[in-house]
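In the numbering used here, the protein residues as written are 1490 to 1970.
Just so it is clear, CB atoms sit at the ideal spot from N, CA and C, and this is done for glycine as well.
Everything below concerns the one structure shown next.
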Amino acid sequence: MHTQTCRISFAFVICLAAALCALRAGPAAAFSFTPPVHHDVGGRPADIAVADVNDDGRLDIVVSAGDGISVLLATGPGRFAPATRVVLEHRPGAIAVADFDGDGAPDIVTASLDGTVTVVQGDGAGAFVATGTFPTGPTPTDVVVGDLTGDGVADVATADQGGDGVSILKGDGAGGLLAPLDLPVGSDCSSLLGEDLNQDGTMDLAYTRYSWEEYAGFGIVLADGAGGFTPMGTYETGGEDALPSGLALGDVNGDATPDIAVLQSNEGDGRTFTFLGDGLGLFIGASWTLFSGDVSVSGLAVADLNRDDRGDVVTSGHRPGQVTSDGDSWVVPPGPPRIYVMLSAGSSTNQGVFYKPTSFLAGRTPGELLLADLNSDGKPDLATTDVKTRSVSVRMNGALPVLTGVSPARGRIGDVVTLTGRNFLKRGTTVRFGSQIASAFVSWTASRVKVRVPSGTARGSVKVTVTTIMGRTAGTAFLRL
């Protein structure tokens, strides 16, 4: 078996990035994230995933937190019930959600740093129970689930940072796992991705690889559909003293084939590297982006945030700070955690970067993050674990509604009242007079809604609110005569 090693020639990739982006250039919708809504998960979170675990058409959130798994069931667009907990014998770390036992219901697989994998089976209604724990490679830091052997049964792969690379655990079709097969792909394999990279119907693997002052980057192994794996290539990101800390898949150039983004910190500089896939399992280095200096980075995801048919990159980081040798004072104080967004720019700059980095304060300290459509509006939203708290934070991709006026400020049942403000989305929006939901609308625009005072509104002063799939306005007083 032959393994390629591909080094990036940035003089070439600058031209390539410019050409690709020029072809795709065009108007894009503006994007923003709403302020975060924090959800308690019962323990310090380690990893996060989404899936419709109770078959109601909404994405739910699954978190490995503390000594167990927390499940937040969606109750409406972008809204979630309090977490339910499944306590596990082995402390969970990385998680993946898939139908592992073939019963049509999503299950959870979690890897523990003690060298085990635990299967947590779902009943299809949102409840879970741990059904088995199986040995894997040493210190598994990531896990994926999918059919790696072409037999229609879900298998498990783990990134074994304490061993030689990747372990493959074949599923038995009944919720169990066979003894692991070790793939010696290199040391310090910390992140793992599963995807059909060569369009043959079988899931392949991408993994980070690192060796001090020797190499840093990622590699690809292609599954042959019969239980075998072919090393397809290794790719270097440069900076052999910097450990790659994340991988993400997404179509960054709009050609309908998966591309790979790599997150890496080079002597405190946060960088992402982009590699374009050809759909056959090969990748070419296209660009790198310096998004911040002096940061500790974590979390990586790719999705089209602004609907321009190009994947955008989201990550997070914070300045850890430095103290004097005796620890008495700060040499460099710690910086606040931030979310970094790199929108596809549509053109190249003289640094060979075709993303436009921007950032905003995260509030809490984000760890793992994901992008998924949590309110069913067709746009990816952002969810992050909060590594210093017992919570996850959810931000909708859009703007909160704002209610600035109610006119007239008093009236009777059936009277027409005009609500003014902004971001009044029509689909999925509710107007309330106190506890009563209004249903008789006269007209609706994004900034002005005319509605009749609903039957049942209590006499006296009530609060009028507008709730959209992005969130709810503050209440404005209305006097029901």
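What distance in whole Å lies between the Cβ atoms of residue j and residue i, which are believed to be in contact at a cut-off of 8 Å?
i	j	result
Leu1666	Val1645	6 Å
Asp1529	Arg1827	Between Arg1827 and Asp1529 the Cβ distance is about 23 Å, and since that is not below 8 Å, they are no contact.
Val1642	Gly1621	So it is not a contact: roughly 15 Å between Cβ atoms.
Asp1693	Leu1672	Not really, about 12 Å apart at Cβ, beyond 8 Å.
Thr1638	Gly1604	22 Å between Cβ atoms; not a contact.
Val1951	Gly1917	Rounded, the Cβ-Cβ distance is 23 Å, inconsistent with contact.
Gly1945	Thr1954	The Cβ separation is near 16 Å, so there is no contact.
Ser1833	Gly1867	That pair is no contact at about 18 Å.
Ser1781	Tyr1829	6 Å
Val1575	Ala1619	7 Å
Ile1550	Pro1581	With a Cβ gap of about 15 Å, Ile1550 and Pro1581 do not count as contacting.
Distance check for residue j and residue i, CA to CA, integer angstroms please.
i	j	result
Thr1957	Leu1889	8 Å
Pro1823	Pro1629	30 Å
Gly1739	Arg1941	46 Å
Asp1875	Ala1861	17 Å
Leu1505	Phe1764	Because Leu1505 carries a pLDDT of 37, less than 50, the predicted location of this residue cannot be relied on, and the following value inherits that uncertainty. If I take the Cα positions, the gap works out to 11 Å.
Gly1532	Pro1943	43 Å
Asp1798	Ala1745	10 Å
Val1751	Pro1846	15 Å
Ala1600	Thr1761	26 Å
Gln1688	Leu1858	27 Å
Ile1537	Gln1925	36 Å
His1579	Phe1623	11 Å
Thr1523	Arg1796	17 Å
Asp1748	Ala1695	11 Å
Asp1653	Met1959	45 Å
Arg1901	Ser1848	47 Å
Gly1743	Asp1904	51 Å
Phe1772	Gly1766	4 Å
Gly1708	Phe1569	37 Å
Gly1768	Thr1697	20 Å
Ile1584	Val1920	39 Å
Ser1430	Leu1548	What the structure shows of the chain is the stretch from 1490 to 1970, and residue 1430 is not part of that stretch, so it cannot be assessed.
Asn1864	Ala1587	21 Å
Ala1508	Leu1562	Because Ala1508 sits at a pLDDT of 35, beneath the cut-off of 50, its placement in the model cannot be relied upon, and the point is left open.
Pro1869	Met1885	8 Å
Arg1969	Thr1909	18 Å
Phe1967	Gly1565	27 Å
Asp1631	Val1891	41 Å
Leu1658	Gly1613	24 Å
Pro1516	Pro1809	Because the pLDDT of Pro1516 is 45, which lies under 50, any placement of that residue in the model is unreliable, and the question is left without a value.
Ile1597	Phe1589	8 Å
Asp1544	Gly1757	44 Å
Using DSSP bridges, identify the partner residues of residue i.
i	result
Met1959	Partner(s): none; Met1959 has no beta bridge.
Pro1629	Asp1649
Lys1939	Thr1907 and Ser1932
Phe1967	Val1951
Val1655	Ala1648 and Leu1672
Gly1894	Thr1909
Val1634	Val1645
Ser1559	Val1552 and Arg1574
Gly1660	Leu1666
Ala1616	Ala1616 pairs with nothing; no bridge assigned.
Phe1922	Gln1925 and Val1953
Ala1538	Val1551
Phe1589	Answer by DSSP bridge pairing: none, since Phe1589 is not bridged.
Gly1621	Val1608
His1528	Val1881
His1579	His1579 is not bridged to any residue.
Phe1569	Ala1563
Phe1522	Asn1886
Pro1733	Gln1753
Ser1601	Thr1605
Taking 8 Å as the cut-off, is the CB of residue i close to at least one heavy atom of the ligand GDP?
i	result
Asn1742	Absence of the ligand GDP from the depicted structure is noted, as is the absence of any ligand whatsoever, leaving it without description.
How do the segment 1674-1691 and the segment 1732-1743 stand: do at least 3 beta-carbon pairs fall below 8 Å, yes or no? yes
What ranges does the beta strand (DSSP E) occupy inside the segment 1686-1727, keeping only unbroken runs of at least 3 residues that lie completely in it? 1693-1700, 1704-1712 and 1718-1725
Threshold first: 3 residues or longer. Then list the beta strand (DSSP E) segments lying entirely within the segment 1752-1805, N to C. Residue ranges of uninterrupted beta strand (DSSP E) with 3 or more members, entirely inside the segment 1752-1805 and ordered along the chain, are 1758-1766, 1772-1781 and 1785-1792.
Can you check the segment 1834-1882 for any beta strand (DSSP E) of at least 3 residues that lies completely inside it and give the ranges in chain order? Here the runs fully enclosed are 1844-1850, 1855-1861 and 1870-1875.
Contact between the segment 1649-1659 and the segment 1547-1555 is defined here as three or more beta-carbon pairs at a separation below 8 Å; is this criterion met? no
Taking 8 Å as the cut-off, does the segment 1700-1708 touch the segment 1779-1793 (at least 3 CB pairs, one atom from each stretch)? no
Does the count of Cβ pairs from the segment 1866-1875 and the segment 1891-1898 closer than 8 Å reach three? These segments do not touch.
Are the segment 1792-1807 and the segment 1718-1729 in contact at 8 Å, needing three or more beta carbon pairs? no
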